[in-house]
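Chemist:
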Amino acid sequence: MVGLYENYKKATGVFLDWLKTKSSSPVRSLKSIFQAAQRVKEKSIAVPKSVFDALNLAIELRTRVEGVYARRGEADEGHENFNGLLKLVRRVLKKNQQPSAAPSAPDEKQSNRFEGLRIEDDGAESDDGNEVDEVTELPAWLEDEESGAADMAELQGANMFFQAACLLLDLEQVVRETEKAWKDFRDKKCDHLTATALTNACLCHAERQMAIVELEWPVLDTLER
């Protein structure tokens with residue numbers, strides 16, 4: 035089992051590494067990400083499905099985190115800008131997306147660099163209906179953007195509130211899976227041993243995710259669980 039934050043970090047890392055390599059340009063700020071995507075588009079470089087999937091997953095996970103903020107009646111302008119940037123880049127690269135390779139075509143096998151990326155959340159929504167227009171110039175809200183390493187780190191999830199929201203979503207999933215295991219037991223769909231094993235696995239997963247976040251943000255360890 036992999037946590038939401040780990041999936042997000044892996045997805046953004048795969049996409050940004052690919053973008054930096056293919057655009058042959060530094061990716062050090064939010065503005066530079068947009069400019070690099072424009073270069074890829076202008077060069078008509080095909081975006082592998084695995085890379086586009088990683089971008090879609092990053093957007094989906096950030097959108098789920100937005101739901102946590104919304105439930106709490108809070109807003110995070112930085113988080114919204116990061117997700118807005120990822121969606122903008124998706125619009126820029128949409129027509130460059132490489133079709134899925136046929137299973138029988140060994141010469142179209144994806145690069146080893148991206149093999150092993152396991153996207154566990156296949157429910158990523160693309161918002162394609164809202165992304166039909168092409169992006170031809172730098173949006174006004176990015177015009178004066180000169181963010182550096184700090185914003186790049188936050189884009190990849192290095193933010194306490196973002197990671198805490200991911201943890202909350204992970205814990206909610208653990209509760210759902212545990213409840214389902216015991217409902218299946220009551221409905222005689224599984225035996226007691228199986229339900230117990232699933233519960234223990236969920237608890238271990240929850241503890242691991244809490245440890246990951248608390249190790250990076252010790253202040254969270256002082257909060258009552």
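The numbers in this note's numbering rise by one with no breaks, and the one at position 214 of the sequence shown is 248. Yeah, the Cβ is synthetic: ideal placement off N, Cα and C, and Gly gets one too.
1) Counting C-beta neighbours from all protein chains within 10 Å, is the total for Tyr42 16 or more, i.e. buried, or is it exposed?
2) Quickly, what does DSSP pair Val81 with across the bridge? List them, please.
3) If you measure between the beta carbons of Ala88 and Lys44, is that distance less than 9 Å?
4) So the candidates are Lys214, Gln131, Gly101 and Leu122; which of them puts its Cα closest to the Cα of Leu202?
5) Just verifying my parser: in three-state terms, what is the DSSP assignment at Asn90?
6) For Asp51 and Ser58, I'd like the C-alpha separation in whole angstroms.
7) Secondary structure at Pro252, three-state DSSP: helix, strand or coil?
8) Starting from the Cα of Ile93, find the closest Cα among Gly191, Leu254 and Met244 and give me that residue.
9) On a CA-only basis, which of Leu232, Cys236 and Lys223 is nearest Glu206? Give me that one, please.
10) Applying the criterion that 16 or more other CB atoms from any shown protein chain within 10 Å of the CB defines a buried residue, is Ser78 buried or exposed?
11) Should Lys75 be labelled buried (16 or more other beta-carbon atoms within 10 Å of its own) or exposed?
12) Pick from Pro60, Tyr39, Pro133 and Arg62: whose alpha carbon is nearest that of Val85?
13) Which same chain residues end up closer than 6 Å to Ala70 when comparing Cβ atoms and leaving out the 5 residues on each side of it in sequence?
14) With C-beta atoms as the reference, is Asp299 less than 9 Å away from His226?
15) Hey, Val99 and Phe196 are a contact pair by Cβ (cut 8 Å); roughly how many whole angstroms apart?
16) Reducing DSSP to helix, strand and coil, say where Cys224 ends up.
17) Compute the Euclidean distance between the alpha carbons of Gly107 and Phe116, then round it to the nearest angstrom.
18) If you run the structure through DSSP and keep just helix, strand and coil, what is Gln243?
Modeler: Looking at the atomic coordinates:
1) For the purposes of this step, residue 42 is taken as residue 8 along the sequence shown, with counting starting at 1. Buried, by the Cβ-count rule.
2) The residue labelled residue 81 in the question sits at position 47 within the sequence shown. Val81 pairs with Gln131.
3) Taking the first residue of the sequence shown as 1, we reach residue 88 at position 54. Taking the first residue of the sequence shown as 1, we reach residue 44 at position 10. Yes; because the gap between Cβ atoms is below 9 Å, this pair is in contact.
4) Indexing the sequence shown from 1 puts residue 202 at position 168. Minimum Cα distance to Leu202 is reached at Gly101.
5) Residue mapping note: residue 90 aligns to position 56 of the sequence shown, counting from 1. Three-state DSSP puts Asn90 in a helix.
6) Numbered from its first residue, the sequence shown carries residue 51 at position 17. Numbered from its first residue, the sequence shown carries residue 58 at position 24. So the two alpha carbons sit approximately 11 Å from each other.
7) The residue given as residue 252 occupies position 218 in the sequence shown. DSSP places Pro252 in helix when its eight states are reduced to three.
8) Here the question's residue 93 lines up with position 59 in the sequence shown. Of the listed residues, the one whose Cα sits closest to Ile93 is Gly191.
9) The residue labelled residue 206 in the question sits at position 172 within the sequence shown. Nearest of Leu232, Cys236 and Lys223 to Glu206, Cα basis: Cys236.
10) Position 44 of the sequence shown, counted from the start, is the residue given in the question as residue 78. By the neighbour-count rule (16 or more Cβ atoms within 10 Å), Ser78 is not buried but exposed.
11) Position 41 of the sequence shown holds residue 75. The residue in question, Lys75, is buried, as its Cβ has 16 or more Cβ neighbours within 10 Å.
12) As a first step, residue 85 must be located in the sequence shown, where it is residue number 51. Comparing Cα-Cα distances from Val85 to each of Pro60, Tyr39, Pro133 and Arg62, the minimum goes to Pro133.
13) As a first step, residue 70 is located in the sequence shown; it is residue number 36 there, counting from the start. Taken in chain order, the residues that qualify are Leu53, Ser57, Ser59 and Val61.
14) In the structure as shown, the chain begins at 35 and stops at 259. Residue 299 is therefore absent and cannot be evaluated.
15) Residue 99 sits at position 65 when you count from the first residue of the sequence shown. Residue 196 sits at position 162 when you count from the first residue of the sequence shown. About 6 Å separates the two Cβ atoms, so the contact holds.
16) Position 190 of the sequence shown, counted from the first residue, corresponds to residue 224. Note: Cys224 maps to coil in three-state DSSP.
17) As a working mapping, residue 107 is identified with position 73 in the sequence shown. As a working mapping, residue 116 is identified with position 82 in the sequence shown. Their backbone Cα atoms lie some 19 Å apart in a straight line.
18) What you label residue 243 is simply residue 209 of the sequence shown in a count that begins at 1. Three-state result, Gln243: helix.
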